[in-house]
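A.B. asks: Before I ask anything, here is the structure I am working with.
Numbering (UniProt numbering), first residue to last: 1 to 445.
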């Protein structure tokens with residue numbers, strides 16, 4: 001942490017010297033030396049901001065723009081203190097730009113600040129500097145920093161330079177904080193402590209999951225080394241369909257675990273809005289965040305978002321169909337893995353179905369698969385009563401993997417309550433009965 005602090009201190013000293021040189025030239029034209037940037041010294045190459053500079057091969061002007069965006073988050077009075085040296089009696093200094101925030105008491109740099117510090121009054125140079133805020137620059141492409149969106153009529157460069165929160169965290173504390181679930185980010189990180197050996201699937205489903213693993217393993221080589229980037233769409237789209245509790249969510253988390261990728265489940269209650277146009281806005285927050293993070297997006301109960309389009313009978317139907325079209329385009333453009341989960345394949349709009357790279361069926365487990373699930377679900381410290389026949393239970397009761405886990409959970413708690421380690425048959429049967437009642441199925445003991 002101390003090395004991060006030292007690096008940031010050196011970075012701010014570099015920025016202050018740069019601004020001083022520009023202001024000296026502006027206020028002391030006759031005596032100031034020609035403008036030149038100070039020398040950059042990267043003392044600790046492992047400091048996050050220095051690793052960033054090396055990774056993106058940042059030039060000195062891009063470095064200054066980055067520091068302009070970062071500085072208000074570290075030293076609120078940084079710019080005001082420098083300007084006060086040259087304007088001790090106060091006064092407006094329009095050339096350097098900058099604005100006050102609603103809560104922030106110091107000056108927040110704008111695009112105009114960058115134009116002045118890097119270009120002074122040289123129109124040609126200022127136009128070159130403006131490129132750092134263009135959509136074609138890696139700052140925008142990699143979702144690193146941008147200019148604030150302003151009302152019509154305001155000069156674009158008068159917008160605040162906004163550094164994405166991930167990079168504020170990275171440069172100041174050395175790690176990127178996970179986004180907090182809420183209205184601004186309606187998705188939750190999900191993970192599992194289980195392994196592939198704990199998941200029982202049929203052979204066909206396993207084969208299809210293997211196809212997804214191959215993409216996660218070799219997509220970069222396919223796109224770059226084999227030069228397929230111009231011939232195939234980015235990303236991979238998979239539909240998982242089948243009854244609840246058959247392993248769709250667990251499979252998604254196991255893929256994330258194996259390939260060391262964050263998996264985010266989209267909360268449909270936060271996404272789908274009755275207000276026209278709000279669904280797209282809510283989704284945009286998730287896609288914007290995930291696009292450059294190499295995350296896996298998991299849309300559970302995807303019918304609510306990706307269901308069939310309706311015949312247009314009123315304005316609401318029209319906008320609902322527009323939402324589906326928007327989703328279709330956003331899903332196609334996403335460069336990572338997107339998994340849609342549904343109980344029924346037929347519930348998903350055909351426009352989406354045609355664009356899936358994989359359609360994976362998670363059926364109810366058969367007798368043999370249920371037997372394997374029963375065996376792997378019994379706690380290591382537990383014993384089964386002599387009258388328990390797992391093969392009989394597997395053959396007689398059609399349960400999903402999730403339901404079997406729930407039964408074992410119930411029976412295990414009953415066993416612990418009795419100060420025993422032997423699971424009794426009656427507790428398993430009672431657990432099975434409860435699972436049947438949940439699904440309103442007829443139970444026969």
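We put the CB at the ideal spot given by N, CA and C, even for glycine. Note that this is a predicted model, so its numbers are computed, not measured.
1) Considering only residues of the same chain and omitting the five flanking positions on each side of residue 391, which have a CB-CB separation below 7 Å?
2) Would you tell me roughly how many angstroms separate the C-alpha atoms of residue 193 and residue 294, rounded to the nearest one?
3) So, are the CB atoms of residue 160 and residue 96 less than 8 Å apart?
4) In the DSSP assignment, find the unbroken beta strand (DSSP E) run with residue 354 in it and report its ends.
5) Mark residue 154 as exposed unless 16 or more other C-beta atoms lie within 10 angstroms of its C-beta, in which case mark it buried.
6) Between which two residues does the alpha helix (DSSP H) holding residue 188 run?
7) Cutting at 8 Å between CB atoms, please list the residues of its own chain near residue 149, excluding the five before and the five after it.
8) Could you tell me which residues DSSP pairs with residue 339 in its beta bridges?
9) Determine which residues share a DSSP beta bridge with residue 100 and list them.
10) Using C-beta distances below 6 Å, list every residue in its chain close to residue 431, excluding the 5 sequence neighbours before and after it, in chain order.
11) Using CA coordinates, which residue listed in 253, 300 and 333 is at the minimum distance from residue 292?
12) Is the number of C-beta pairs between the segment 215–222 and the segment 162–181 that are closer than 8 Å three or more?
13) What first and last residue would you give for the alpha helix (DSSP H) that runs through residue 263?
14) Could you give the distance in angstroms between the alpha-carbon of residue 35 and the alpha-carbon of residue 84?
15) In whole angstroms, give me the CA-to-CA distance for residue 439 and residue 398.
16) Quick one: residues in its chain with C-beta nearer than 7 Å to the C-beta of residue 420, no 5 flanking neighbours on either side, listed in chain order?
17) Figure out for me which residue from 241, 369 and 290 has the closest Cα to the Cα of residue 188.
18) Pull the bridge partners of residue 145 from the DSSP assignment, please.
19) To the nearest angstrom, how far is the alpha carbon of residue 365 from that of residue 50?
20) In the DSSP assignment, the alpha helix (DSSP H) including residue 417 goes from what residue to what residue?
21) How far does the alpha helix (DSSP H) with residue 55 in it reach, from first residue to last?
22) Within this structure, are the beta carbons of residue 237 and residue 353 separated by less than 8 Å?
23) Going by C-alpha distance, which of 48, 119 and 369 is nearest residue 18?
24) Is residue 421 close to the ligand FMN? I mean its beta-carbon at under 7 Å from any heavy atom of the ligand.
C.D. replies: In short, the structure shows the following:
1) For the purposes of this step, residue 391 is taken as residue 391 along the chain shown, with counting starting at 1. Closer than 7 Å at Cβ, skipping near neighbours: 371.
2) The residue given as residue 193 occupies position 193 in the chain shown. The residue given as residue 294 occupies position 294 in the chain shown. C-alpha separation (whole angstroms): 21 Å.
3) Against the chain shown, residue 160 aligns to sequence position 160. Against the chain shown, residue 96 aligns to sequence position 96. Not a contact, by the Cβ cut-off of 8 Å.
4) If you number the chain shown from 1, residue 354 lands on position 354. That residue, residue 354, is in no beta strand (DSSP E); it is neither H nor E in DSSP.
5) Residue numbering aside, residue 154 sits at position 154 when the chain shown is read from its first letter. With fewer than 16 Cβ atoms within 10 Å of its Cβ, residue 154 is classed as exposed.
6) Here residue 188 is taken as the residue at index 188 of the chain shown, counted from 1. Unbroken run through residue 188 is the beta strand (DSSP E), 187–190; no alpha helix (DSSP H).
7) As a working note, residue 149 is residue 149 in the chain shown. Around residue 149: 159.
8) Mapped onto the chain shown, residue 339 falls at position 339. According to DSSP, which records beta bridges pairwise, residue 339 is partnered with 238 and 298.
9) Within the chain shown, numbered from 1, the residue matching residue 100 stands at position 100. Its beta-bridge partners are 107.
10) Position 431 of the chain shown holds residue 431. So the qualifying residues of the chain are 407, 410 and 411.
11) Here residue 292 refers to the residue found at position 292 when the chain shown is read from its first residue. Residue 333 is the option with its Cα nearest to residue 292.
12) Judged by Cβ distances under 8 Å, the segment 215–222 makes no contact with the segment 162–181, as fewer than three pairs qualify.
13) Taking the chain shown and counting its residues from 1, one reaches residue 263 at position 263. Premise fails: residue 263 lies in the beta strand (DSSP E), 263–266, not in any alpha helix (DSSP H).
14) In the chain shown, the residue the question calls residue 35 occupies position 35. In the chain shown, the residue the question calls residue 84 occupies position 84. Cα-Cα distance, rounded: 21 Å.
15) Counting from one through the chain shown, the residue named residue 439 turns up at place 439. Counting from one through the chain shown, the residue named residue 398 turns up at place 398. One C-alpha to the other measures close to 12 Å.
16) Within the chain shown, residue 420 is the residue found at index 420, counting from 1. Hits under 7 Å: none found.
17) For this step, residue 188 is matched to residue 188 along the chain shown. The candidate whose alpha carbon is nearest that of residue 188 is 290.
18) Along the chain shown, read from residue 1 onward, the residue named residue 145 stands at position 145. Bridge partners of residue 145: 163.
19) As a first step, residue 365 must be located in the chain shown, where it is residue number 365. As a first step, residue 50 must be located in the chain shown, where it is residue number 50. Each residue's Cα considered, the two are about 52 Å apart.
20) Translated into positions along the chain shown, residue 417 becomes position 417. Its alpha helix (DSSP H) spans residues 401–417.
21) Here residue 55 refers to the residue found at position 55 of the chain shown. 48–55 is the extent of the alpha helix (DSSP H) around residue 55.
22) In the chain shown, the residue the question calls residue 237 occupies position 237. In the chain shown, the residue the question calls residue 353 occupies position 353. Taking C-beta atoms as the reference points, residue 237 and residue 353 fail to come closer than 8 Å.
23) Taking the first residue of the chain shown as position 1, residue 18 is located at position 18. The closest CA to that of residue 18, considering only 48, 119 and 369, is found on 119.
24) For the ligand FMN, the structure offers nothing, since it holds no ligand at all.
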